[in-house]
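Novice:
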Amino acid sequence: MRVRVLGSSAGGGFPQWNCGCENCRGVREGTIQALPRTQESVCITADNQDWFLIQASPEIRQQIESFASLHPRHLRHSPIQAIVLTNGDLDHCLGLLSLRESYPLIVYATERVQQGFIENNSLYRTLQRFPNQITWRRLSLGHEIPLLRGNGKPSGLTIEAMAVPGQRPLHLRTQLSDDPEDNVGLKICESSTGRTLLYLSSVKKISPELYKCLPLADCVFFDGTFWSENELLAVDSKGKRAQEMAHIPIGEKNGSLSLLAKIHIPRRIFIHVNNTNPILREDSLERQLVQDAGWSVAYDGMELEL
Ligand SMILES: [Zn+2]
Ligand SMILES: [Zn+2]
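Just add 6 to wherever you are in the sequence shown, counting from 1, and you've got my numbering.
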């Protein structure tokens with residue numbers, strides 16, 4: 007299985023348009039050691055031909071253009087077979103609306119994430135202009151299914167969604183109550199090698215279920231949004247704490263770094279990194295700490311072979 011990171015930052019990107027924090031200012035001015043990052047998305051393949059996108063970020067167009075393997079191979083074509091959504095946050099699904107150029111799309115999501123996207127959304131009509139412009143394929147919690155190509159044939163990969171503590175998207179808070187299908191992690195397996203990728207980019211809490219499956223993974227992408235619980239409050243007095251935003255911080259006493267320290271995972275990568283997070287700076291103490299613990303920090307263009 008080959009994995010390519012298209013975008014590695016949390017909502018807002020790095021730098022964020024309205025942020026003048028030390029990191030955002032520094033990366034704009036070139037005064038800190040850090041790479042700019044677009045909003046989280048990765049793509050995977052088992053055969054180097056057909057690709058699956060995880061998330062449809064607001065920067066999807068730029069992300070597709072950034073990677074030649076995702077470019078059309080003839081008139082009106084895309085190697086992207088389907089898009090998988092882990093939740094309905096705008097930074098993960100807004101990009102769907104940018105793919106409106108009369109091309110059939112296949113989207114894997116839970117029923118909740120699908121409903122959250124299509125209900126009361128007049129912009130969704132742009133993806134319904136002809137029959138089968140968009141096809142939703144259902145992710146049900148705990149069910150492993152083959153990840154199918156656009157033509158319905160197997161891709162060599164299977165996918166299973168698991169409930170991960172998280173929360174509803176901000177824009178749906180008034181309408182719905184919480185549901186385990188609001189936020190999922192993905193277990194993606196390559197059938198020929200048995201290699202397993204765990205994709206957990208939004209995690210409020212490490213549940214017993216997560217503790218159980220983490221040691222089975224060859225590689226895990228994990229929520230790297232915040233280093234500390236009060237990180238956002240330091241740049242915005244109206245900001246929320248990490249836990250209120252459903253992200254377990256990395257560096258706190260009960261943070262992911264210490265909770266996951268004893269679990270053996272060959273490759274561990276923080277992704278969905280917020281622009282305020284000190285691990286973005288390559289020479290920071292926090293970056294050193296995560297590296298010493300065996301973690302990498304995802305960057306746009308990062309590639310791995312499992
Ligand atoms: Zn996000
Ligand atoms: Zn910032």
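We put the beta carbon where it would ideally sit given N, CA and C, even for glycine.
Measuring CB to CB, does Ile194 end up less than 9 Å from Gly156?
Specialist: As a first step, residue 194 must be located in the sequence shown, where it is residue number 188. As a first step, residue 156 must be located in the sequence shown, where it is residue number 150. Taking 9 Å as the Cβ cut-off, Ile194 and Gly156 do not qualify as a contacting pair.
Novice: Where do the ends of the beta strand (DSSP E) carrying Pro214 lie?
Specialist: Position 208 of the sequence shown holds residue 214. Pro214 -> not in any beta strand (DSSP E); alpha helix (DSSP H) instead, spanning 214–219.
Novice: Which residue marks the beginning of the alpha helix (DSSP H) containing Gln69, and which one marks its end?
Specialist: If you number the sequence shown from 1, residue 69 lands on position 63. Its alpha helix (DSSP H) spans residues 66–71.
Novice: Could you check where the alpha helix (DSSP H) with Glu28 kicks off and where it finishes?
Specialist: Counted from its first residue, the sequence shown places residue 28 at position 22. Glu28: member of the alpha helix (DSSP H) spanning 28–35, first to last residue.
Novice: Can you list, in chain order, the residues of its chain with a C-beta nearer than 6 Å to that of Leu304? Leave out the 5 residues immediately preceding and following it.
Specialist: Along the sequence shown, one-based indexing puts residue 304 at 298. Here residue 304 turns out to be Ala, not Leu, going by the sequence shown. Excluding positions up to five away in sequence, the list reads Val11, Ser14, Ile275, Ile277.
Novice: Can you tell me whether DSSP reads Glu311 as helix, strand or coil?
Specialist: Here residue 311 refers to the residue found at position 305 when the sequence shown is read from its first residue. Glu311: strand per DSSP, three-state reduction.
Novice: Distance check for Pro78 and Lys244, CA to CA, integer angstroms please.
Specialist: Residue numbering aside, residue 244 sits at position 238 when the sequence shown is read from its first letter. Residue numbering aside, residue 78 sits at position 72 when the sequence shown is read from its first letter. Going from the Cα of Lys244 to the Cα of Pro78 covers about 44 Å.
Novice: Can you name the start and end residues of the alpha helix (DSSP H) that Asp229 belongs to?
Specialist: Position 223 of the sequence shown holds residue 229. Segment 225–229 is the beta strand (DSSP E) holding Asp229; no alpha helix (DSSP H) there.
Novice: I need the DSSP call for Glu117, collapsed to helix, strand or coil.
Specialist: Mapped onto the sequence shown, residue 117 falls at position 111. Glu117 falls in the helix class under three-state DSSP.
Novice: Under 8 Å: does the beta carbon of His177 sit that close to some heavy atom of ligand 1?
Specialist: One-based indexing of the sequence shown puts residue 177 at position 171. Using a cutoff of 8 Å, the CB of His177 does not count as near ligand 1, since none of the ligand's heavy atoms is closer than that.
Novice: Measure how close the beta-carbons of Leu206 and Phe228 come, nearest whole angstrom, since I'm counting them as under 8 Å.
Specialist: Here residue 206 refers to the residue found at position 200 when the sequence shown is read from its first residue. Here residue 228 refers to the residue found at position 222 when the sequence shown is read from its first residue. Going by Cβ atoms, the distance from Leu206 to Phe228 rounds to 5 Å, so yes, they are a contact pair.
Novice: For Ser104, name the three-state secondary structure that DSSP assigns.
Specialist: Numbered from its first residue, the sequence shown carries residue 104 at position 98. Residue state, collapsed to three classes: helix.
Novice: Compute the Euclidean distance between the alpha carbons of Leu91 and Leu266, then round it to the nearest angstrom.
Specialist: As a position in the sequence shown, residue 91 is number 85, starting the count at 1. As a position in the sequence shown, residue 266 is number 260, starting the count at 1. Distance between the alpha carbons of Leu91 and Leu266: 25 Å.
Novice: Mapping DSSP to helix, strand and coil, what is Val190?
Specialist: Working through the sequence shown from its first residue, we reach residue 190 at position 184. Here Val190 sits in strand by DSSP.
Novice: Mind reading off the beta-carbon distance from Thr132 to Arg106? Whole number of angstroms is fine, and I expect it under 8 Å.
Specialist: If you number the sequence shown from 1, residue 132 lands on position 126. If you number the sequence shown from 1, residue 106 lands on position 100. About 4 Å; that satisfies the 8 Å criterion.
Novice: First and last residue of the beta strand (DSSP E) that includes Leu91?
Specialist: Working through the sequence shown from its first residue, we reach residue 91 at position 85. Leu91 -> no beta strand (DSSP E), and no H or E assigned at all.
Novice: Between Ser290 and the rest of its own chain, which residues show a CB-CB distance below 8 Å, the 5 nearest in sequence each way excluded?
Specialist: In the sequence shown, residue 290 corresponds to position 284, counting from 1. If we look at Ser290 and ignore the five residues flanking it on each side, its Cβ neighbours are Pro284.
Novice: Hey, would you say the C-beta of Cys99 is under 8 Å away from at least one heavy atom of ligand 3?
Specialist: Ligand 3 is not among the ligands present in this structure, which contains only ligand 1 and ligand 2.
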